[in-house]
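Read the structure below first, then the notes.
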Amino acid sequence: MRRTTKFFSLITLPMGIALLSFFPDLVYSQAPYYQGKTITILRGGEPGGSGDMQARALIPFLKKYIPGNPTIIVENVPGAAGMKAVNQVYSTAKPDGLTIAAVGSGLASGAILGLPGARYDIDKLIYLGSTEHGDPYIFLSRKEAGFDTLDKLRAAPSVRIGAQTVGHAIYVSGRIFAYVLGLKDPRMVVGFGGPELDTALTRGEIDTRANSADTVVRRNAEALAKGEYNVHATLTIPKGNLHPRFANVPDADSLAKNDKERQLVNLFRAFMYPRWPYVLPPGTPEATVKILRAAMASAFKDPGFSGEFKKLMGGEPSPLTGEEVETSIRELPRDPEVIGLYKKMAEHGPLPPQ
70 MRRTTKFFSL
80 ITLPMGIALL
90 SFFPDLVYSQ
100 APYYQGKTIT
110 ILRGGEPGGS
120 GDMQARALIP
130 FLKKYIPGNP
140 TIIVENVPGA
150 AGMKAVNQVY
160 STAKPDGLTI
170 AAVGSGLASG
180 AILGLPGARY
190 DIDKLIYLGS
200 TEHGDPYIFL
210 SRKEAGFDTL
220 DKLRAAPSVR
230 IGAQTVGHAI
240 YVSGRIFAYV
250 LGLKDPRMVV
260 GFGGPELDTA
270 LTRGEIDTRA
280 NSADTVVRRN
290 AEALAKGEYN
300 VHATLTIPKG
310 NLHPRFANVP
320 DADSLAKNDK
330 ERQLVNLFRA
340 FMYPRWPYVL
350 PPGTPEATVK
360 ILRAAMASAF
370 KDPGFSGEFK
380 KLMGGEPSPL
390 TGEEVETSIR
400 ELPRDPEVIG
410 LYKKMAEHGP
420 LPPQ
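Numbering-wise, the working numbering puts 291 at position 222 of the sequence shown, and it's gapless, one number per residue.
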């Protein structure tokens, strides 16, 4: 028996060495998939905005929980309210888990509304999670404009409302506020970056703007304290989720004059529910999706992420898992009549008659 064992040892050892020389990958088959790799996050927007800040808060902790400790870089892809970044992931990125799009609420609204900039199918994208959900919006004006009451705001002709681009969530929410408030022929002024809108408002280049409540508090704390803004209305997401700083401001539901306007407000809520979704291209292997979803969920639970998010964004994160974002996309209202009205809010041109 000893001779037989020795004989087979002498035979199998050289064979094993030869096998590994022909198939060296077998030596490393247990190495994590992401070891030595680089993940590129295509951030759909300009540097310095809220979308950029929340990504910066998340990335160190996402990296921490991905086995293999990959390098993660951010590439800003401005244009089409974030849809340009999604198009790139959907159409040209390899489904290898190395390219992720990080966008805003335009992801869902652009596709459902059939906007020209959306060249992807939201039901085929793969969702990893969202750093926030339910961020209330407010509509404000600069104090010097003299709109210290809703009646004065409604009486003013051609109020200038600032926004980034046609179709952007800030653009759409500004028009929804104008529609629900009944403003007279409001004029949209576009072409700004997020922080640039604050400067434009201060300089009097625009009269009003919409924005998320947390962003206003974070970026304009001093101006708010000095009473430099009049805040006219809020649009809570989800319904009833008032920001404590603006709890006494009328909600869009109370200002809506009929069921059609209330449904319009509710559709905006549904689109905005996953505030900052992260997505992969269709066809990404299930094992890779599982790794990234687990890492995202672990990052959200890390106390360090919450602290960094609060430092950069001014409020606590309210994350959604990949499965929760996927469910919210699947359950989006898709009533043709309401979508038709909403689409007019997202387009260029005068507001529809009421």
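For each residue, glycine too, the CB sits at the ideal point set by N, CA and C. Here the structure is a predicted model, which means the values were calculated and not measured.
Whether residue i touches residue j by CB criterion (8 Å)
i    : j    : result
Y206 : T303 : yes
I169 : L349 : yes
F246 : A279 : yes
G175 : G151 : yes
I135 : I360 : yes
G391 : G203 : no
P319 : R338 : no
G183 : W345 : no
R288 : P264 : yes
E36  : G296 : The structure shown does not extend to residue 36, since the chain spans only 70 to 423, so no value can be given for it.
G179 : G173 : no
L336 : P255 : no
V155 : G114 : no
T277 : F208 : yes
I398 : A238 : no
Q157 : L111 : yes
Q233 : V259 : yes
Y67  : G137 : Because the chain here runs from 70 to 423, residue 67 falls outside it and cannot be looked at.
L293 : L252 : no
M365 : Y347 : yes
Local Cβ density within 10 Å of residue i, reported as buried at 16 or more and exposed below that
i    : result
N317 : exposed
N327 : exposed
E291 : exposed
D142 : First, the amino acid is wrong: residue 142 is Ile here, not Asp. By the 10 Å Cβ count, I142 comes out exposed.
K153 : buried
E377 : buried
A224 : exposed
Q423 : exposed
G418 : exposed
R211 : buried
D267 : buried
E385 : exposed
T305 : buried
E395 : buried
A100 : exposed
G105 : exposed
G215 : exposed
T284 : buried
Residue i: first and last residue of the uninterrupted beta strand (DSSP E) it sits in
i    : result
N299 : Y298 to L304
V348 : P346 to L349
R188 : No beta strand (DSSP E) holds R188; DSSP gives it neither H nor E.
R112 : T107 to R112
A170 : T168 to A171
Same chain, Cβ closer than 7 Å to residue i, neighbours up to 5 away in sequence not counted
i    : result
L127 : T200, A368 and F374
D217 : N299
P354 : none
G166 : L349, T353, T357 and L361
R125 : L381
A325 : V249, R331 and V334
G231 : V258, F261, L266, A269, L270, I275 and R278
Bounding residues of the alpha helix (DSSP H) (the contiguous stretch that carries residue i)
i    : result
T357 : E355 to K370
A126 : S119 to Y134
Y196 : First-last for Y196: I195 to S199, but that is the beta strand (DSSP E), not the alpha helix (DSSP H).
E144 : It is not in any alpha helix (DSSP H) - E144 instead sits in the beta strand (DSSP E) that spans T140 to N145.
T396 : G391 to R399
P205 : P205 -> no alpha helix (DSSP H), and no H or E assigned at all.
K163 : Taken as a continuous stretch (DSSP letters only), K163 belongs to no alpha helix (DSSP H), as it is neither H nor E.
N335 : D328 to M341
K413 : P405 to A415
E291 : A290 to A294
G175 : G175 to L182
S323 : A321 to L324
Same chain only: Cβ atoms within 6 Å of residue i, ignoring 5 sequence neighbours per side
i    : result
H312 : P205 and A282
A162 : T168 and P350
T109 : I142, E144 and T168
P93  : Below a pLDDT of 50, predicted positions are generally treated as unreliable, and P93, at 46, falls in that range; no measurement from the model is reported.
V241 : M414 and A415
G236 : A150, L184 and A415
P164 : P350, G352 and T353
K132 : I141
E406 : none
Residues near residue i by beta carbon distance below 8 Å, same chain, minus five either side
i    : result
Y248 : E330, L333, M414, L420, P421 and Q423
S227 : K253, D254, P255 and R256
Contact test: residue i Cβ vs the ligand NAP heavy atom, cutoff 7 Å
i    : result
A154 : This structure lacks the ligand NAP, and indeed carries no ligand of any kind.
Original post:
Along the chain, which unbroken stretches of the beta strand (DSSP E) at least 3 residues long are found entirely within the region 211-284?
Top reply: 229-231, 256-258 and 277-281
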